[in-house]
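Scroll down for the structure; my scribbles are underneath it.
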Amino acid sequence: MSQAEKAKHFAELHQKGNPLVLYNIWDAGGAKAVQEAGAAAVATGSWSMAAAHGYDDGESIPLDFVLRIVERICDSVNVPVTVDFEGGYATDPDEVAENVREVIRAGAVGINFEDRIVKGEGLHSISAQAARIRAIKAAAADESIPLVLNARTDLFLGTDPASHEAHLAEAMERAAAYAEAGADCFFVPGLTDTAMISRVTANAGLPVNVMMMGELKSIKDVASAGVSRASYGPGPFFEFLANLKTACTSIE
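Sequence positions in the sequence shown follow my numbering and run 1294 to 1545.
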């Protein structure tokens, strides 16, 4: 498939109630391994990619280094590749769009794009984030790639689950604005209550992505909640490190 065909195929893999499962990787070797295991697509994890190369999460790993890794991943597999691109390594919409253009040119067909202020406090305003999404989608169109933009909201991740009910209204407002701006999916990492997830999937107007963490143990359960995409974030990297340490300490 051409890159544009991969992008279209990747979008088609998002089916409500039959979620695309993405077991996040951080390098070309991991990408090849999950493809050989039968994965329909490959997704990077920002925390994992940074930590695997000695950096903290939060855009601490240099952008040019990220692009080199993404290019190696894309050159190593035949399936669509989506990149966890955090906040786009810029605030200004035009600057973000140019950075995403480089991700596309490295071979990726999708990105995660979050609304938290990286290296700052809180979230971007809804209007500011929508402007950033519009700029990204315009750059992708200019590259003739129907980029699958997974709009992540950070209303839930790292916050008290007791507060999640109160955040649902704003989440729906953000989903609507992001969809209008051109987003293709809506990502709610940290939301783990399946009843609340069902409310999001019923009202978001976009395919919904959840992160498999905490109470979310079963793909079957999130499928029943209407999820279209289930990813694992840094979980696979944590498991890899634990297995590596176990193997090392068990040497006789």
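Glycine included, each C-beta is placed from N, C-alpha and C at the ideal position.
Beta carbon of residue 1345 nearer than 8 angstroms to that of residue 1531
No. Outside cutoff.
Given residue 1426, which residues of its chain have a CB within under 8 angstroms of its CB, disregarding the five upstream and five downstream residues?
Once the five neighbours on either side are set aside, the close Cβ partners of residue 1426 are 1406, 1442, 1444, 1471, 1474, 1475, 1476.
Excluding sequence positions up to five away, which residues of its chain have a Cβ less than 6 angstroms from the Cβ of residue 1495?
Within the same chain, no residue comes within 6 angstroms of residue 1495 by CB-CB distance, once the 5 residues on both sides are set aside.
Taking the C-alpha atoms as reference points, what is the distance between residue 1500 and residue 1394?
Rounded to whole angstroms, residue 1500 to residue 1394 spans 23 angstroms at the Cα level.
Proximity of residue 1335 and residue 1362 at Cβ, strictly below 8 angstroms
Contact: no.
Could you work out which residue in 1466, 1401, 1451 is closest to residue 1422 when comparing CA atoms only?
The shortest Cα separation from residue 1422 among 1466, 1401, 1451 belongs to 1466.
Taking the alpha helix (DSSP H) that residue 1496 belongs to, which residues open and close that run?
Its alpha helix (DSSP H) spans residues 1487-1496.
Quick one: what's got a C-beta closer than 7 angstroms to residue 1306's C-beta in the same chain, skipping five residues either side?
A distance below 7 angstroms between beta-carbons, with the five flanking residues on each side excluded, links residue 1306 to the following residues of its chain, in chain order: 1313, 1333, 1334.
Would you mind reading off the limits of the alpha helix (DSSP H) that contains residue 1377?
Per DSSP, residue 1377 belongs to no alpha helix (DSSP H); it is in the beta strand (DSSP E), 1374-1377.
Counting only the same chain and skipping the five closest in sequence on each side, list residues whose C-beta sits under 6 angstroms from that of residue 1455.
In the same chain as residue 1455, and ignoring 5 residues on each side of it, no C-beta atom comes closer than 6 angstroms to its own.
Residue 1524 by DSSP, collapsed to three states: which one?
Residue 1524 falls in the strand class under three-state DSSP.
Could you please give the first and the last residue of the uninterrupted alpha helix (DSSP H) stretch that includes residue 1323?
Its alpha helix (DSSP H) spans residues 1321-1329.
Check the DSSP bridge columns for residue 1314 and list the partner residues they point to.
Looking at the DSSP assignment, residue 1314 forms a beta bridge with 1523.
DSSP state of residue 1533 mapped onto helix, strand, coil:
Helix.
Here's the rule I'm using: 16 or more other beta-carbon atoms within 10 Å means buried, otherwise exposed. How should residue 1413 be labelled?
Sixteen is the threshold: since fewer than 16 other Cβ atoms of the shown chains lie within 10 Å of the Cβ of residue 1413, the residue is exposed.
When you compare the CB positions of residue 1379 and residue 1339, do they come within less than 8 angstroms of one another, or not?
Residue 1379 is a Cβ neighbour of residue 1339, given a cutoff of 8 angstroms.
In chain order, what residues of the same chain have a beta carbon less than 8 angstroms from the beta carbon of residue 1512, not counting five sequence neighbours either side?
Result list for residue 1512: 1312, 1314, 1505, 1523, in chain order.
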